[in-house]
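Written out below as structure tokens is the structure these notes cover.
Residue numbers (the working numbering), protein chains in the order written: chain W, 3 to 267; chain H, 3 to 267.
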């Protein structure tokens, strides 16, 4: 990688940022495509978002931002315009300067997840999915799974109101999909069970759910990228179950966000 | 170079930044010293400095800034504390977050220039120097040359008040040095003649002075780094005169500023 005065700058903003993988994904993409650009990680505390964004958006060669926790929702308020996924979910994970100077945000978590699953050969049409976690990433994944044509989508969250609201909104947009809230029932067979909670990022986190309680045919999916193989995936693998790590989702996301930034990738 | 979520971030802020060499100097330094850090160039318009700095200084993993035109003077107002060179010159070219969270600035243009000259084997003690340009870089160079023990320092600027003020301040601090303002007189032999004006950055700039009018023994010095060989140096070289490019000054500066940032370099 070569950085000079003509390098276009992108940043992922979040707190903490020590575990973010965006710099690796994006810089590898820029490198492979011969684009003179760099993406760095910036640690921005929750209360500093407005001040930092006011500064960053006036920088002439800073063209786009990847937005991660805890700013995915709050960032919506600061942007001039939201794309369709961001409007529906109420959260963004990418923002860009438009030719007229205004800033627009959109959400690529969900499409990245679907792209990652399909790229790894996992069909989604007519499948049954259980999704745990309906924060910004989980909500986006719910919409994208429905859009991809799953047959059934059961969602759960420690915040029951939040999962109910997400189920209702997904159902409104995709009435053909059987969307509801529910608990993970060991007696029910799902084709995919997805962890979209943060459980697994810290070494002493409990498992978000127990893979041993699932049918052995279940594909166990995690959206966490660090560690690449979470304790959940480790356990599922030790039970000879199929696993799918957060890396695939985020690799797909990086391509979609880089194109959103206007780069030829 | 590898950038991840633990990479410490530095930036050079200026406008324009297309010609800045700091990313190359600093990133090579970081790489050689095994430091997980990156320096990027950010284009910050004159009127946006306060807004951008308010944002940048709250970013947790952004530890220091290199400050270039047109912000070297204005930046002083925004910092909590100035180092001795910055206080004397009224300009900074580097700023850092201190352990207590306050931001301190200092000026390394002059010391970088002296270090570069000495590293290339050019003695300064008891030499006679003509210096053209007393902006932030030129003023810093004037102080550092006096500090390095030149015998005589004649300075000139299109702004006669500015060069008179700089001469007076240098004289106050280094009374043993013969410091005065004056024009470049073809009849007078100087050991070094230094261009510290921006003339030579743009392709159609006139030469800051005519090397053919100088004694053939003169060392012709330019502080401009892009192009590395300015039209002034090109002309001097074609006359078989010794030349010294801005690169040497800036390589020295990068080391001094990186240490100021607290890096083990």
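Ideal Cβ placement from N, Cα and C applies to all residues, glycine included.
Residue i: first and last residue of the uninterrupted alpha helix (DSSP H) it sits in
i: residue 113/W; result: 111-121
i: residue 239/H; result: 233-240
i: residue 82/H; result: Where residue 82/H is concerned, there is no enclosing alpha helix (DSSP H), given that its DSSP letter is neither H nor E.
i: residue 49/W; result: Run containing residue 49/W: none; DSSP gives neither H nor E here.
i: residue 194/H; result: Careful: residue 194/H lies outside any alpha helix (DSSP H), inside the beta strand (DSSP E) at 194-197.
i: residue 169/W; result: 162-175
i: residue 31/W; result: 24-34
i: residue 140/H; result: 138-149
Cutoff 7 Å: residue i Cβ touching any chain W Cβ
i: residue 52/H; result: no
i: residue 61/H; result: yes
i: residue 226/H; result: no
i: residue 267/H; result: no
i: residue 200/H; result: no
i: residue 107/H; result: no
i: residue 7/H; result: yes
i: residue 3/H; result: yes
Closer than 7 Å to chain H by CB, residue i
i: residue 142/W; result: no
i: residue 249/W; result: no
Chain-ordered chain H contacts of residue i [CB-CB under 9 Å]
i: residue 95/W; result: The contacting residues do not exist; residue 95/W stays about 16 Å from chain H at best.
Whole-Å CB distance - residue i paired with residue j, under 8 Å assumed
i: residue 262/W; j: residue 159/W; result: Incorrect: roughly 28 Å between the Cβ atoms, too far for contact.
i: residue 7/W; j: residue 43/H; result: 5 Å
i: residue 20/H; j: residue 50/W; result: That belief does not hold up - the Cβ atoms of residue 20/H and residue 50/W are roughly 30 Å apart, past 8 Å.
i: residue 166/H; j: residue 91/H; result: Residue 166/H to residue 91/H, Cβ: 15 Å. No contact.
i: residue 62/W; j: residue 47/H; result: 7 Å
i: residue 116/W; j: residue 146/W; result: 5 Å
i: residue 97/W; j: residue 67/W; result: 5 Å
i: residue 246/H; j: residue 227/H; result: Not confirmed; about 12 Å, so no contact.
i: residue 169/H; j: residue 183/H; result: 5 Å
i: residue 134/H; j: residue 196/H; result: 7 Å
i: residue 209/H; j: residue 233/H; result: 6 Å
i: residue 32/H; j: residue 40/H; result: 7 Å
i: residue 110/H; j: residue 255/H; result: 5 Å
First through last residue of the beta strand (DSSP E) which encompasses residue i
i: residue 244/H; result: 244-246
i: residue 128/H; result: First-last for residue 128/H: undefined, no H or E at that position.
i: residue 75/W; result: Looking at the DSSP string, residue 75/W is not in any beta strand (DSSP E), and its letter there is neither H nor E.
i: residue 222/H; result: 221-224
i: residue 14/W; result: 10-16
i: residue 180/H; result: 180-183
i: residue 107/H; result: 105-108
i: residue 67/H; result: 64-69
i: residue 155/H; result: 154-158
i: residue 97/W; result: 96-99
Interface partners of residue i on chain W, CB under 9 Å
i: residue 157/H; result: The premise fails here: residue 157/H is roughly 29 Å from chain W at the closest Cβ pair, so nothing lies under 9 Å.
i: residue 43/H; result: 5, 6, 7, 8, 9, 11 and 63
i: residue 56/H; result: 53, 54, 56 and 57
Where residue i meets chain H, residues with beta-carbon distance less than 8 Å
i: residue 231/W; result: Those do not exist, as residue 231/W stays about 18 Å from chain H at its closest Cβ, beyond 8 Å.
i: residue 46/W; result: 60, 61 and 62
Partners in chain W for residue i, counting only beta-carbon separations shorter than 7 Å
i: residue 26/H; result: 6
i: residue 21/H; result: 7
Listed by chain order, chain H residues near residue i by CB distance under 7 Å
i: residue 29/W; result: 5
Chain W contact residues for residue i, given Cβ-Cβ distances below 8 Å
i: residue 40/H; result: 5, 40 and 42
Closer than 6 Å: residue i CB and nearest the ligand SAH heavy atom
i: residue 227/W; result: With respect to small molecules bound, the structure shown includes none, and the ligand SAH cannot be examined in it.
| query | Okay, do the region 236-245 of chain H and the region 211-221 of chain H touch, 3+ Cβ pairs below 8 Å being the bar? | reply | yes
| query | Three or more beta-carbon pairs under 8 Å between the region 198-208 of chain H and the region 164-179 of chain H, yes or no? | reply | no
| query | Would the region 71-83 of chain W and the region 218-230 of chain W be scored as touching if the rule is three or more Cβ pairs under 8 Å? | reply | no
| query | Are the region 10-19 of chain H and the region 26-40 of chain W touching by the rule of at least three beta carbon pairs closer than 8 Å? | reply | no
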